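Student:
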Amino acid sequence: MANEPETVAYEVADKTGKTIATGKSGEKQVEIPNLTPNTDYAKGDYKGRKVDPADEWQPSDYINIPAFKTKPISVTGVNLNNTTLSLETGKTATLKATVKPDNATNKGVNWASDNEDVATVDNKGGVTAVKAGTANIKVGTKDGNKSAQCKVTVKNPVVNVTSVSLDKTELSVEEGATAQLKATVTPNNATDKTVTWKSGNPETFAIDNNGKVTGVKAGQATAVVTTKNGSKTAECKVTVTAKPEPDPEEPTDGE
Numbered sequence: 060m061a062n063e064p065e066t067v068a069y070e071v072a073d074k075t076g077k078t079i080a081t082g083k084s085g086e087k088q089v090e091i092p093n094l095t096p097n098t099d100y101a102k103g104d105y106k107g108r109k110v111d112p113a114d115e116w117q118p119s120d121y122i123n124i125p126a127f128k129t130k131p132i133s134v135t136g137v138n139l140n141n142t143t144l145s146l147e148t149g150k151t152a153t154l155k156a157t158v159k160p161d162n163a164t165n166k167g168v169n170w171a172s173d174n175e176d177v178a179t180v181d182n183k184g185g186v187t188a189v190k191a192g193t194a195n196i197k198v199g200t201k202d203g204n205k206s207a208q209c210k211v212t213v214k215n216p217v218v219n220v221t222s223v224s225l226d227k228t229e230l231s232v233e234e235g236a237t238a239q240l241k242a243t244v245t246p247n248n249a250t251d252k253t254v255t256w257k258s259g260n261p262e263t264f265a266i267d268n269n270g271k272v273t274g275v276k277a278g279q280a281t282a283v284v285t286t287k288n289g290s291k292t293a294e295c296k297v298t299v300t301a302k303p304e305p306d307p308e309e310p311t312d313g314e
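Read left to right, the sequence shown gives residues 60 to 314 (our numbering).
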């Protein structure tokens, strides 16, 4: 065989003898394409030989490439589809973790809550709201120890107002005198039991934000209470009576 020329290159073939890669002239290495990361390849899965791209030298015989294992593709990061989450107690939601790169060898993750009294998380990212408060749900990659987290705020369920009633449907008060109306919001555990008060005629009577009625001038008008949640209303007919005239002073002796 003629002396090996400087232009010699290395050629790799698969088991069938099909050439799958050829190195550059003068270089003693070849990159085998399409290998699967973190995979064991047996001796003979690939074979190599020396060739002369200039065709001035007869190729050598193939030799089996020794067994080898490809390197894994490391995780570079992880993120969540939500960085904040708001839930009512008893409700659930699912967080989705995306590990990068897409072809990372080990995309396994672990989940944890820093306050399981408020929110728990399962090994698939399923979050369950336990009681009102805040908790941070953290996901960590098994490879590379990369992490991301979501702040979960848990609130009690909103209980809507269904009705409001007054302790009186009619009320009589003198000019300058006061009387009290009391509103009862149903149900008792409604989330927002705030109410507003209104006089149908402020020239007849005034009413403050606690339901206190003050007679202004004789007449009739309606007091209305309205719930902030649901805009439920109740009414009371208010009659303002004139203040009695004072008795005339009795004459004194000598008059």
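Virtual Cβ for every residue (Gly too), placed ideally from N, Cα, C.
Small disclaimer: the values here were computed from a predicted structure and weren't measured.
#1: Does the segment 216-223 come within contact of the segment 284-298, defined as at least 3 CB pairs closer than 8 angstroms?
#2: Measuring CA to CA, which of Ala191, Ser119, Val67 and Lys183 is closest to valine 177?
#3: Please report the distance separating the alpha-carbon of asparagine 162 from that of isoleucine 132.
#4: How big is the Cα-Cα spacing for tyrosine 69 and glycine 184?
#5: So for glutamate 308, helix, strand or coil by DSSP?
#6: Would you mind giving the Cβ-Cβ distance between glycine 274 and glutamate 234, rounded to the nearest angstrom? I have them listed as a contact below 8 angstroms.
#7: What three-state label does DSSP hand glutamate 86 in the structure shown?
#8: For glutamate 224, write down the residues that DSSP places opposite it in a beta bridge.
#9: Helix, strand or coil, according to DSSP, for valine 297 in the structure here?
#10: Please classify alanine 101: is it buried, with 16 or more other beta-carbons within 10 angstroms of its beta-carbon, or exposed?
#11: When you compare each of Val211, Asp120, Gly203 and Ala126 to threonine 151 by their alpha carbons, which one comes out closest?
#12: Throw me the rounded Cβ distance for the valine 67 and alanine 80 pair, which I believe falls under 8 angstroms.
#13: Give the straight-line distance between the Cα atoms of asparagine 219 and glycine 270, rounded to the nearest whole angstrom.
#14: Under three-state DSSP, which class holds threonine 75?
#15: With distance defined between alpha-carbon atoms, name the residue in Ala188, Thr200, Ile196 and Asn169 nearest to lysine 159.
Tutor: On the basis of the data shown:
#1: The answer is yes - the segment 284-298 touches the segment 216-223, with three or more Cβ pairs under 8 angstroms.
#2: It is Ala191 whose Cα lies nearest to the Cα of valine 177.
#3: Rounded to the nearest angstrom, the two C-alpha atoms are 7 angstroms apart.
#4: When rounded, the distance between both Cα atoms is 50 angstroms.
#5: Reduced to three states, the DSSP call for glutamate 308 is coil.
#6: Contact between glycine 274 and glutamate 234 is confirmed by a C-beta separation of about 5 angstroms, below the 8 angstroms threshold.
#7: In this structure, glutamate 86 counts as coil in the three-state DSSP scheme.
#8: In the sequence under discussion, the amino acid at residue 224 is serine, which differs from the glutamate named in the question. For serine 224, which the question treats as bridged, DSSP gives the partners Thr243.
#9: Of the three classes helix, strand and coil, the one that applies to valine 297 here is strand, per DSSP.
#10: The residue in question, alanine 101, is exposed, as its Cβ has fewer than 16 Cβ neighbours within 10 Å.
#11: Ranking Val211, Asp120, Gly203 and Ala126 by Cα distance to threonine 151 puts Val211 first.
#12: 15 angstroms between Cβ atoms; not a contact.
#13: Those two C-alpha atoms are separated by around 22 angstroms.
#14: In the three-state reduction of the DSSP assignment, threonine 75 falls in the coil class, being assigned neither a helical nor a strand state.
#15: Ranking Ala188, Thr200, Ile196 and Asn169 by CA distance to the CA of lysine 159 puts Thr200 first.
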